[in-house]
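Residue numbering for the sequence shown is 0 to 447, as defined by numbering that gives the first Met the number 0.
A virtual CB, placed ideally from N, CA and C, is assigned to each residue, including glycine.
Predicted model, so just to flag it, every value in this text is computed and none were measured.
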Amino acid sequence: MDEYEYDRTRRREWLAGRARSAGVDRRTLLRMLAAAGVLAGPELAAADRAAAAPAPAGPAPAGPAAPAPAAGPVPGIVKPLPPEWFIPRGTNAEMRWDTLRGTGTGTGTGTGEAGDGTGFHTPVERFFVRNHTSTPLIDPATWRLTLHGSGLRGGGAEFTLADLKRLPGTRIDALIECAGNGRSFYATQQGQAVPGTPWQLGGVGSAAWRGVRLGDLLRRAGLTGAAVDVLPVGLDPEYHAADGTDLGRVRRPLPIAKALDDVLVAYEMNGHPLPADHGAPARLVVPGWVGIASIKWLGSIEVAAEPLYSPWNTDFYRLFGPDHPAGGSAPLTGQVVKSAFELARGAVLPAGRRTRLHGRSWSGAAAVREVEVSWDGGTCWHRARLHDRPRSGGWTRWSLDWAPEAPGPYELRARAVDRRGNTQPRVATFNREGYLFGAVVAHPVTVA
Ligand SMILES: Nc1nc2c(c(=O)[nH]1)N[C@H]1C(S)=C(S)[C@@H](COP(=O)(O)O)O[C@H]1N2
Ligand SMILES: [Mo]
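Following this line, the structure appears as structure tokens:
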């Protein structure tokens, strides 16, 4: 199934429905669709491909960078999506790395120069949004979280938001990152076509989360030793496959071991009540794992004494392809190592002058402890200066000075190593859905 096509179709339907209920005529509707970028889908995709393409070899004129695709409203997302902060992608909004510098909240354990302004946590208004359908608006006063199933003794339990807030709370730092983050590079860098949202590297964000440990909640609800899987279910609308099949609410089984380890039922993000688009009134935060594990708009959690299945741990979010087990890999868990420059693809940098390159690297497995940058196609690597004491649950910010002499096109590359020795390969192993693109990404710039 093609998630990207699905998202586009759904967006068209959503806009049409809204227009009909507002009594809008067909001409106006077509204009709305064009403004929202729905009619320009292939053009948008082409613009993305152009922006992501490596700079041509040989001396090239210092032309302007390919323009970012025009932002339009993304139906189903509540918060404003200014084009300087987001790239709209179907029902989703990608964070723009090129305008991340100089923003953010919290200092983390920054050891960088004071006042460099690069926040460790992504401000909630700039955090990427990945919606299968649309953001539901849930009344926190009447909301209930229900726990039930064969892995609980007694009849289960129910919690109001006030109940959750009365329980002992915890604050953790964790990244949320889509399994498909970086997917577009399978096509643009490796020539491998994959369906699905063509994220560049902005399907990730870092936040401080406050909430109740899922383990505490499960124990209060009567957890027994027989529990094997828990199944958090979202309250957003049911998800329909491209062929129209109703796949039900977004839900993905989570093994009990992870559930009892470090998973949070979060009701606060960066010190604010959880915003609507990010799962209000409460969501799971599953540190280090692919974003789909962190179910938003929690409505219920089944605790089962037998393994559970949903489309999200069977058809989706597993690896299929020639380099994977016949029938597919195990359901995806941890994220891979990635690095991104806080710089536009195709940026123009001055010749004969020092430019400070900034970026961030992260891994689902452990803190990033070393980052290297190359500007000669990956032959020579230069160690970047780290601005954060490496710690899990967040990214490591870094910078490096570069003083290119000769004008022309260049490709910047960054690669990181985490504390477990995981690093970034030159090529990512192909899988049919384009998940887990962890290879080093070539970042084209022009020196002029
Ligand atoms: N209920 C629900 N939970 C969900 C999703 C969704 O569509 N519905 N999307 C998942 C996916 S694929 C990702 S990557 C993250 C994105 O979280 P964010 O939108 O807060 O950035 O939420 C996950 N949780
Ligand atoms: Mo995702």
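| Item | Value |
| --- | --- |
| Using only the heavy atoms of ligand 1, determine whether one of them is closer than 8 Å to the beta carbon of E93. | no |
| Taking the CB atoms as reference points, tell me whether A292 and V336 lie closer together than 9 Å. | no |
| Residues in its own chain within less than 6 Å of R353 by CB, not counting five upstream and five downstream? | D400 and A402 |
| Give me the residue from T121, V285 and V128 with the minimum Cα distance to P74. | V128 |
| Using only the alpha-carbon positions, how far apart do C379 and A413 sit? | 11 Å |
| Using the beta-carbon count (16 or more within 10 Å), is T141 buried or exposed? | exposed |
| Consider the C-beta atom of G247 and the heavy atoms of ligand 1; say whether any pair is separated by less than 8 Å. | no |
| What is the DSSP secondary structure of N312, reduced to helix, strand or coil? | helix |
| Helix, strand or coil, according to DSSP, for E157 in the structure here? | strand |
| Any chance the segment 201-212 sits against the segment 169-186, with 3 or more Cβ pairs inside 8 Å? | yes |
| Measure the C-alpha to C-alpha separation of G351 and E404 and round it to an integer number of angstroms. | 5 Å |
| Report, in whole angstroms, the separation of the C-beta atoms of R418 and R368, which I expect to be a contact under 8 Å. | 5 Å |
| May I have the straight-line CA-CA distance separating D138 from L297, to the nearest angstrom? | 13 Å |
| Which residue marks the beginning of the alpha helix (DSSP H) containing S183, and which one marks its end? | S183 to Q189 |
| Would you call E83 buried or exposed, if buried means 16 or more other Cβ atoms sit within 10 Å of its Cβ? | exposed |
| Buried or exposed for L348, going by 16 or more other Cβ atoms inside 10 Å? | buried |
| Considering Cα atoms alone, identify which of V193, A207, G168 and L217 is closest to G153. | L217 |
| Does the beta-carbon of R457, which I'm using as the reference point, lie nearer than 8 Å to any heavy atom of ligand 2? | Residue numbering for the chain in the displayed model covers 0 to 447; residue 457 lies beyond these limits and cannot be assessed. |
| Give me, in chain order, the residues of the same chain whose beta-carbon lies closer than 6 Å to that of R88; leave out the 5 immediate sequence neighbours on both sides. | T196 |
| Check whether the segment 425-436 and the segment 301-319 are in contact - that is, three or more C-beta pairs closer than 8 Å. | yes |
| Return the first residue and the last residue of the beta strand (DSSP E) that D172 is part of. | T169 to E176 |
| Spatial neighbours of D1 within its chain, please: C-beta separation below 8 Å, excluding the five flanking residues on both sides. | Low confidence applies here, because D1 scores a pLDDT of 48, under 50, leaving its location unreliable and the question unanswered by this model. |
| Given the structure, does R390 come close to ligand 2, in the sense that its CB is under 8 Å from one of the ligand's heavy atoms? | no |
| Suppose you measure from the CA of A438 to the CA of Q423; what does that come to, to the nearest Å? | 5 Å |
| Note down the Cα distance separating A225 from I300, rounded to an integer number of angstroms. | 16 Å |
| How long is the line joining the alpha carbons of A46 and V444, rounded to whole angstroms? | In this prediction, A46 has a pLDDT of 35, which is less than 50 and means its spatial position is unreliable; nothing more can be read from the coordinates. |
| Roughly how many angstroms separate the alpha carbons of E341 and L307, rounded to a whole number? | 40 Å |
| Classify L43 as buried or exposed, calling it buried when 16 or more other Cβ atoms lie within 10 Å of its own Cβ. | Here L43 scores only 34 on pLDDT, less than 50, and its place in the model should not be relied on; the value that follows carries that caveat. When all chains shown are included, L43 counts as buried. |
| By the DSSP assignment, the beta strand (DSSP E) with I300 in it spans what residues? | L297 to A303 |
| Could you tell me the boundaries of the beta strand (DSSP E) in which L200 lies? | First-last for L200: undefined, no H or E at that position. |
| Tell me, please, whether the segment 184-192 touches the segment 251-266 by the rule of three or more beta-carbon pairs shorter than 8 Å. | no |
| So, with DSSP's three-state summary, where would you put A366? | coil |
| Quick check on A256: does DSSP put it in helix, strand or coil? | helix |
| Could you check what DSSP says for V446 in three-state terms: helix, strand or coil? | strand |
| Over what stretch of residues does the beta strand (DSSP E) that includes D228 continue unbroken? | D228 to G233 |
| Just to confirm the assignment, what range does the beta strand (DSSP E) spanning L283 have? | R282 to V284 |
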